[in-house]
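Its first residue numbered 153, the sequence shown is counted upward by one per residue in this note's numbering. Below: the structure, in structure tokens.
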Amino acid sequence: CVGLRNLLQGLSFSVKYYSGINHLQTTCPCSKIKAKKCYILNCSGCTCTRRSAPPGSILPWRFFSCKEGPRISSKRKQNTSVVTSELLHKNLLKSEQENWNDISPIYKPMTKRIREKLEELHNKYTFNSESPRMRFGENVYFEENGCIFLSKADDDEGNVDILFSTDNLGFSDAFIQRIRISPDQRYMAISLKSENSEEATCVIMKLGHFPVVKKIIPSVFSFEWATNDVLYYTTQKNLKCQNVFMTTFTNQKHTKLVYTEQDARFFVDIYLTKDRRFLTINSNSKTTSEVWLVDCRNPFELPALVQARTKGVIYHIEHRNDELYILTTYGEPAEYKLMKAPVASSSKENWQLVYALEKKTKLVDFEMFSDDCIMFLKNASHLYLNVISFVSHSVQSIKLPTWACEFELESHPEHTTSTCYFQLSSPVHPPKRFAYSFKENNLIEQAVQEVPIITNCHTTRLLAKSKDETLVPITVFHNMNSKELHRKPLLVHVYGAYGIDLNMNFKEEKLMLIEEGWILAYCHVRGGGELGLSWHKGGCQHNKLKGLHDLKACIMLLHELGFSQPKHTALAAASAGGVLAGALCNTDPELIRAMVLQAPFVDVLNTMMKTHLPLTIEEQEEWGNPLEDEKCMKYIKSYCPYQNIKPQCYPSVFITAYENDQRIPLTGVLRYVQKLRKAALDHASRTSKKGNWIPNIILDVQANGSHCDSSWEHSVSE
Numbered sequence: 153c154v155g156l157r158n159l160l161q162g163l164s165f166s167v168k169y170y171s172g173i174n175h176l177q178t179t180c181p182c183s184k185i186k187a188k189k190c191y192i193l194n195c196s197g198c199t200c201t202r203r204s205a206p207p208g209s210i211l212p213w214r215f216f217s218c219k220e221g222p223r224i225s226s227k228r229k230q231n232t233s234v235v236t237s238e239l240l241h242k243n244l245l246k247s248e249q250e251n252w253n254d255i256s257p258i259y260k261p262m263t264k265r266i267r268e269k270l271e272e273l274h275n276k277y278t279f280n281s282e283s284p285r286m287r288f289g290e291n292v293y294f295e296e297n298g299c300i301f302l303s304k305a306d307d308d309e310g311n312v313d314i315l316f317s318t319d320n321l322g323f324s325d326a327f328i329q330r331i332r333i334s335p336d337q338r339y340m341a342i343s344l345k346s347e348n349s350e351e352a353t354c355v356i357m358k359l360g361h362f363p364v365v366k367k368i369i370p371s372v373f374s375f376e377w378a379t380n381d382v383l384y385y386t387t388q389k390n391l392k393c394q395n396v397f398m399t400t401f402t403n404q405k406h407t408k409l410v411y412t413e414q415d416a417r418f419f420v421d422i423y424l425t426k427d428r429r430f431l432t433i434n435s436n437s438k439t440t441s442e443v444w445l446v447d448c449r450n451p452f453e454l455p456a457l458v459q460a461r462t463k464g465v466i467y468h469i470e471h472r473n474d475e476l477y478i479l480t481t482y483g484e485p486a487e488y489k490l491m492k493a494p495v496a497s498s499s500k501e502n503w504q505l506v507y508a509l510e511k512k513t514k515l516v517d518f519e520m521f522s523d524d525c526i527m528f529l530k531n532a533s534h535l536y537l538n539v540i541s542f543v544s545h546s547v548q549s550i551k552l553p554t555w556a557c558e559f560e561l562e563s564h565p566e567h568t569t570s571t572c573y574f575q576l577s578s579p580v581h582p583p584k585r586f587a588y589s590f591k592e593n594n595l596i597e598q599a600v601q602e603v604p605i606i607t608n609c610h611t612t613r614l615l616a617k618s619k620d621e622t623l624v625p626i627t628v629f630h631n632m633n634s635k636e637l638h639r640k641p642l643l644v645h646v647y648g649a650y651g652i653d654l655n656m657n658f659k660e661e662k663l664m665l666i667e668e669g670w671i672l673a674y675c676h677v678r679g680g681g682e683l684g685l686s687w688h689k690g691g692c693q694h695n696k697l698k699g700l701h702d703l704k705a706c707i708m709l710l711h712e713l714g715f716s717q718p719k720h721t722a723l724a725a726a727s728a729g730g731v732l733a734g735a736l737c738n739t740d741p742e743l744i745r746a747m748v749l750q751a752p753f754v755d756v757l758n759t760m761m762k763t764h765l766p767l768t769i770e771e772q773e774e775w776g777n778p779l780e781d782e783k784c785m786k787y788i789k790s791y792c793p794y795q796n797i798k799p800q801c802y803p804s805v806f807i808t809a810y811e812n813d814q815r816i817p818l819t820g821v822l823r824y825v826q827k828l829r830k831a832a833l834d835h836a837s838r839t840s841k842k843g844n845w846i847p848n849i850i851l852d853v854q855a856n857g858s859h860c861d862s863s864w865e866h867s868v869s870e
């Protein structure tokens with residue numbers, strides 16, 4: 153288990169990012185899954201997305217729709233309406249597919265060159281990479297090519313045993329998402345996920361000379377071993393996770409329901425403290441938490457409440473020496489703090505402050521050890537560590553390399569270890585392994601990879617002044633050898649929602665662009681989480697327009713400082729980032745020449761008007777409630793991309809959508825593209841200026857993949 157990343161990536165709802173709607177059948181668990189090659193085991197269970205997510209955040213499921221018409225009481229008319237809607241969808245899809253088939257051949261020479269370059273970079277930077285290892289005593293577990301292997305820590309001859317293979321068990325098109333080993337190492341629980349579905353299936357195996365499958369559980373999100381033969385797990389249904397079950401592998405096998413969450417705004421997951429003393433049942437909304445403890449020494453007893461949910465208070469539990477260590481937003485300022493309380497008296501009145509984060513600081517991750525804990529922190533895209541000693545009661549701050557933009561904490565199953573391992577990366581720097589030694593009290597760069605850090609890429613950090621004078625961070629990458637930067641193409645990235653940071657992990661395509669002279673800019677606008685919880689709060693609900701103002705200010709500053717110019721500038725966004733990108737495209741289209749959207753959320757108003765959708769009620773804390781608040785309705789309408797399309801000179805737009813995307817149904821994207829294209833054509837027909845141009849508005853519908861989550865093989869095709 154990687155620290156508290158289950159909390160930090162799912163304290164409110166990030167867990168929903170892994171949920172889906174189509175449930176695998178118990179009788180046929182293999183029907184939707186196919187073997188995948190070269191997926192690296194992530195023992196945190198957080199490989200569903202390539203970005204890390206902050207406390208209280210999600211990548212939401214999205215539903216696109218037009219405004220509802222008048223109610224039709226006749227059942228026959230309702231059925232006719234459904235048939236008409238389906239026919240419209242099919243006609244729009246067919247039209248866009250024909251358009252794509254006509255346009256795509258133009259780009260074949262370019263795509264051939266790009267594919268060859270990307271594959272070259274991929275082979276270069278992954279050839280020497282090693283799968284993460286999990287060590288339990290003398291045993292080491294690791295995953296490669298869809299198989300889980302067991303080796304001995306002191307074996308220098310490379311002898312390994314195969315414990316699990318997706319191929320041999322008939323799981324086609326699946327990758328290993330998560331693994332949990334029982335304390336006595338007799339059982340292993342694995343979650344398998346298909347690229348084309350957000351469902352996960354849990355496979356429990358009994359280990360030994362001949363490992364065998366003991367149980368298969370469909371539609372599982374999180375799971376942990378409470379004891380050697382007692383497994384707790386949560387199930388998903390309609391993008392919600394509200395039930396916790398316990399199943400035993402003793403002589404008297406049984407499964408029973410342990411906990412049910414009644415409030416639809418809350419999502420449940422489970423976590424095991426690092427010392428394996430308690431299993432925690434975490435029920436979280438976007439702003440509020442409640443935790444129940446299961447004593448692993450008595451796993452059949454009823455869970456005990458830590459602190460009843462209090463509106464606005466998020467908290468998560470760790471344990472050390474009969475004390476609970478509580479990571480929480482309780483108290484002022486409204487950022488994360490580390491507190492502690494006795495197990496026997498755990499209510500918030502007894503919480504004592506251990507350490508409080510500074511203002512405008514983002515808590516990225518947290519790892520607990522026997523005598524210390526490490527906080528992985530970010531401030532205006534600068535990364536550093538805070539090491540808190542429970543013995544000396546000291547706090548040491550460790551600076552990290554200036555090029556680093558992302559952390560990836562490695563698994564530390566044994567909390568008594570004296571070294572913490574993690575990886576650092578940036579969009580143009582492949583992951584590099586580091587270690588912090590508690591004994592030596594220093595940071596050690598691991599020389600595992602022989603691939604050198606890129607030296608010809610310059611990293612610049614800027615601050616843009618937004619409309620209300622707020623300073624907004626920008627991270628810029630460009631080739632050090634580039635001259636006349638104002639003539640170079642610029643790719644701007646934005647997200648700005650749910651308190652989630654921009655994805656700044658290493659990607660081969662970013663490095664390729666740098667080598668070809670592009671400038672990359674990442675705008676850390678409000679609504680994201682780069683400057684802590686207050687940064688998110690400053691860009692959600694009635695503050696959404698501030699994120700748009702931030703984005704505009706960032707692009708204008710880049711141009712003023714000589715980083716490209718509007719006619720060479722493109723804007724890229726994915727998922728909810730499509731709100732700000734699409735809004736800027738409506739309000740200030742002259743700032744950019746092109747826009748690239750991946751599974752974009754573009755119709756906030758109509759989505760938030762439909763409470764029958766699985767996540768609409770929970771989303772109100774991010775976007776507001778237009779059904780009950782007329783001011784909120786007008787405010788959302790003022791920036792909603794779909795609502796504000798009008799005849800004008802738009803930039804060219806390229807959108808990727810997925811047929812199997814359960815968050816952004818294809819119909820919505822089709823309608824958005826149709827309306828945008830019509831507006832651009834209307835403008836062109838009304839004007840006859842010299843040099844007037846009609847933008848390319850292209851939609852590529854992918855048959856495979858699901859909501860910004862794809863394998864290397866699929867992403868290179870995109």
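No residue lacks a Cβ here, since even glycine has one placed at the ideal position from N, Cα and C.
**Message:** Could you compute how far the alpha carbon of Leu828 sits from the alpha carbon of Asn390?
**Reply:** For the purposes of this step, residue 828 is taken as residue 676 along the sequence shown, with counting starting at 1. For the purposes of this step, residue 390 is taken as residue 238 along the sequence shown, with counting starting at 1. Distance between the alpha carbons of Leu828 and Asn390: 31 Å.
**Item:** Alpha-carbon spacing of Phe715 relative to Gln329, whole angstroms
**Value:** The sequence position of residue 715 within the sequence shown is 563, counting from 1. The sequence position of residue 329 within the sequence shown is 177, counting from 1. Those two C-alpha atoms are separated by around 40 Å.
**Asked** According to the Cβ coordinates, are Phe373 and Thr387 closer than 9 Å?
**Response** Locating residue 373 in the sequence shown gives position 221, where the first residue counts as 1. Locating residue 387 in the sequence shown gives position 235, where the first residue counts as 1. Taking 9 Å as the Cβ cut-off, Phe373 and Thr387 qualify as a contacting pair.
**Asked** Residues in its own chain within less than 8 Å of His866 by CB, not counting five upstream and five downstream?
**Response** Counting from one through the sequence shown, the residue named residue 866 turns up at place 714. Excluding positions up to five away in sequence, the list reads Glu347, Gln854, Asn856, Gly857.
**Message:** Does Phe362 pass the burial test, meaning 16 or more other C-beta atoms within 10 Å, or should it be called exposed?
**Reply:** Along the sequence shown, one-based indexing puts residue 362 at 210. Under this definition Phe362 is an exposed residue.
**Message:** According to DSSP, is Ser858 part of a helix, a strand, or is it coil?
**Reply:** For this step, residue 858 is matched to residue 706 along the sequence shown. For Ser858, the three-state secondary structure derived from DSSP is strand.
**Request:** Please go through the region 788 to 864 and give each complete alpha helix (DSSP H) segment of 4 or more residues, from N-terminal end onward.
**Result:** Restricted to the region 788 to 864, the alpha helix (DSSP H) segments that are unbroken, complete and at least 4 residues in length are 818 to 838, listed in chain order.
**Item:** Where the alpha helix (DSSP H) containing Gln404 begins and where it ends
**Value:** Looking up residue 404 in the sequence shown gives position 252. Under the DSSP assignment, Gln404 falls outside any alpha helix (DSSP H); it carries neither an H nor an E label.
**Request:** Go ahead and label Asp254 buried or exposed: buried means 16 or more other beta carbons lie within 10 angstroms of its beta carbon, across all protein chains shown.
**Result:** Position 102 of the sequence shown, counted from the first residue, corresponds to residue 254. In summary, Asp254 is exposed, with fewer than 16 beta-carbon neighbours lying within 10 Å of its beta-carbon over all protein chains present.
**Request:** Could you please give the first and the last residue of the uninterrupted beta strand (DSSP E) stretch that includes Ile444?
**Result:** The sequence position of residue 444 within the sequence shown is 292, counting from 1. Correcting the residue type first, residue 444 is Trp in the shown sequence and not Ile. First-last of the beta strand (DSSP E) with Trp444: 441 to 447.
**Request:** Please indicate yes or no: does the CB of Ala733 lie closer than 8 Å to some heavy atom of the ligand PLP?
**Result:** Among the ligands in the structure shown, none appear at all, so the ligand PLP cannot be discussed.
**Prompt:** In terms of residue numbering, what span does the beta strand (DSSP E) encompassing Asn631 cover?
**Reply:** The residue labelled residue 631 in the question sits at position 479 within the sequence shown. Segment 623 to 631, the beta strand (DSSP E) holding Asn631.
**Request:** Within its chain, find whatever has a CB closer than 6 Å to the CB of His859; leave out the 5 residues flanking it on each side and keep chain order.
**Result:** Here residue 859 is taken as the residue at index 707 of the sequence shown, counted from 1. The beta carbon of His859 sits closer than 6 Å to the beta carbons of Ala751, Asp813, Arg815 from its chain, once the five residues preceding and following it are set aside; these are given in chain order.
**Prompt:** In angstroms, rounded to a whole number, what distance separates the CA positions of His564 and Arg265?
**Reply:** By 1-based counting over the sequence shown, the position of residue 564 is 412. By 1-based counting over the sequence shown, the position of residue 265 is 113. Straight-line Cα distance between these residues: approximately 41 Å.
**Item:** Length at least 3, wholly inside the region 694 to 779: the beta strand (DSSP E) runs in chain order
**Value:** 721 to 726, 746 to 750, all fully within the region 694 to 779.
**Message:** Classify Leu490: buried if its beta carbon has 16 or more other beta carbons within 10 angstroms, exposed otherwise.
**Reply:** As a first step, residue 490 must be located in the sequence shown, where it is residue number 338. By the neighbour-count criterion, in which 16 or more other beta carbons inside 10 Å mark a residue as buried, Leu490 falls on the buried side.
**Asked** Do you know whose CA, among Thr263, Gly679, Val748, Leu561, lies nearest Val805's CA?
**Response** Start at 1 with the first residue of the sequence shown, and residue 805 comes out as number 653. Here the closest residue by C-alpha is Val748.
**Message:** Residues in the same chain with beta-carbon distance under 6 Å from Gln693, minus the five sequence neighbours each way, listed in chain order, please.
**Reply:** Working through the sequence shown from its first residue, we reach residue 693 at position 541. For Gln693, where only same-chain residues beyond five positions count, the Cβ hits under 6 Å are Gly776.
**Request:** Note the first and the last residue of the continuous beta strand (DSSP E) segment covering Asn594.
**Result:** The residue given as residue 594 occupies position 442 in the sequence shown. Here the beta strand (DSSP E) through Asn594 covers 594 to 597.
**Message:** Could you tell me the alpha carbon to alpha carbon distance between Leu637 and Asn695, rounded to whole angstroms?
**Reply:** In the sequence shown, residue 637 corresponds to position 485, counting from 1. In the sequence shown, residue 695 corresponds to position 543, counting from 1. One C-alpha to the other measures close to 34 Å.
**Asked** Are the Cβ atoms of Tyr467 and Val443 separated by less than 9 Å?
**Response** Here residue 467 refers to the residue found at position 315 of the sequence shown. Here residue 443 refers to the residue found at position 291 of the sequence shown. The answer is yes: Cβ separation under 9 Å.
**Request:** Give every residue of the same chain whose Cβ lies closer than 8 Å to the Cβ of Glu309, excluding the five residues on either side of it in the sequence, and list them in chain order.
**Result:** The sequence position of residue 309 within the sequence shown is 157, counting from 1. Closer than 8 Å at Cβ, skipping near neighbours: no residue.
**Request:** Could you tell me which residues DSSP pairs with Asp421 in its beta bridges?
**Result:** Position 269 of the sequence shown, counting from 1, holds the residue named residue 421. Looking at the DSSP assignment, Asp421 forms a beta bridge with Asn434.
**Item:** C-alpha gap between Ala305 and Asp313, whole angstroms
**Value:** The residue given as residue 305 occupies position 153 in the sequence shown. The residue given as residue 313 occupies position 161 in the sequence shown. Ala305 and Asp313 have their C-alpha atoms some 13 Å from each other.
**Item:** Between the CA atoms of Pro579 and Cys557 - distance to the nearest angstrom
**Value:** Indexing the sequence shown from 1 puts residue 557 at position 405. Indexing the sequence shown from 1 puts residue 579 at position 427. If I take the Cα positions, the gap works out to 8 Å.
**Item:** Distance between Ala616 and Glu712 (C-alpha atoms, nearest Å)
**Value:** Looking up residue 712 in the sequence shown gives position 560. Looking up residue 616 in the sequence shown gives position 464. Glu712 and Ala616 have their C-alpha atoms roughly 11 Å apart.
**Prompt:** Going by Cα to Cα distance, which pick from Asn291, Lys405, His471 is closest to Asp307?
**Reply:** Numbered from its first residue, the sequence shown carries residue 307 at position 155. Here the closest residue by C-alpha is Asn291.
**Prompt:** Who pairs with Glu558 in a beta bridge, going by DSSP?
**Reply:** Taking the first residue of the sequence shown as 1, we reach residue 558 at position 406. According to DSSP, Glu558 bridges with Ser577.
**Message:** Within 10 Å of its beta-carbon, does Gly208 have 16 or more other beta-carbons around it, so buried, or fewer, so exposed?
**Reply:** Along the sequence shown, one-based indexing puts residue 208 at 56. In this prediction, Gly208 scores a pLDDT of 34, lower than 50, which makes its location untrustworthy; the coordinate-derived value is nonetheless stated afterwards. Around the beta-carbon of Gly208, 16 or more other beta-carbon atoms lie within 10 Å, marking it buried.
**Asked** Once you ignore the five residues that flank Cys801 on each side, which residues in its own chain have a CB closer than 7 Å to its CB?
**Response** Your numbering for residue 801 matches position 649 in the sequence shown. Excluding sequence neighbours, Cys801 sits near Pro741, His835.
**Prompt:** Buried or exposed: where does Pro793 fall if 16 or more other Cβ atoms within 10 Å of its Cβ makes it buried?
**Reply:** Residue 793 sits at position 641 when you count from the first residue of the sequence shown. By the Cβ neighbour-count rule, Pro793 is buried, with 16 or more other Cβ atoms within 10 Å of its own.
**Item:** Complete runs of the beta strand (DSSP E) confined to the region 377 to 402 [at least 3 residues]
**Value:** Note on the region 377 to 402: whole beta strand (DSSP E) runs with a minimum of 3 residues are 382 to 389, 392 to 400, in chain order.
**Message:** Within 10 Å of its beta-carbon, does Gly360 have 16 or more other beta-carbons around it, so buried, or fewer, so exposed?
**Reply:** Locating residue 360 in the sequence shown gives position 208, where the first residue counts as 1. With fewer than 16 other Cβ atoms inside 10 Å of its own Cβ, Gly360 counts as exposed.
**Request:** To the nearest angstrom, report how far apart Lys786 and Cys737 are at their CA atoms.
**Result:** Along the sequence shown, one-based indexing puts residue 786 at 634. Along the sequence shown, one-based indexing puts residue 737 at 585. Rounded to whole angstroms, the separation of the alpha carbons of Cys737 and Lys786 is 19 Å.
**Request:** Could you spell out the range, first to last residue, of the beta strand (DSSP E) harbouring Asn531?
**Result:** Here the question's residue 531 lines up with position 379 in the sequence shown. Secondary structure note for Asn531: its beta strand (DSSP E) is the uninterrupted segment 524 to 531.
**Prompt:** Looking only at its own chain, which residues have a Cβ that is under 6 Å from the Cβ of Leu244, when we skip the five neighbours before and after it?
**Reply:** In the sequence shown, residue 244 corresponds to position 92, counting from 1. Within the same chain, Leu244 has close Cβ partners Leu822.
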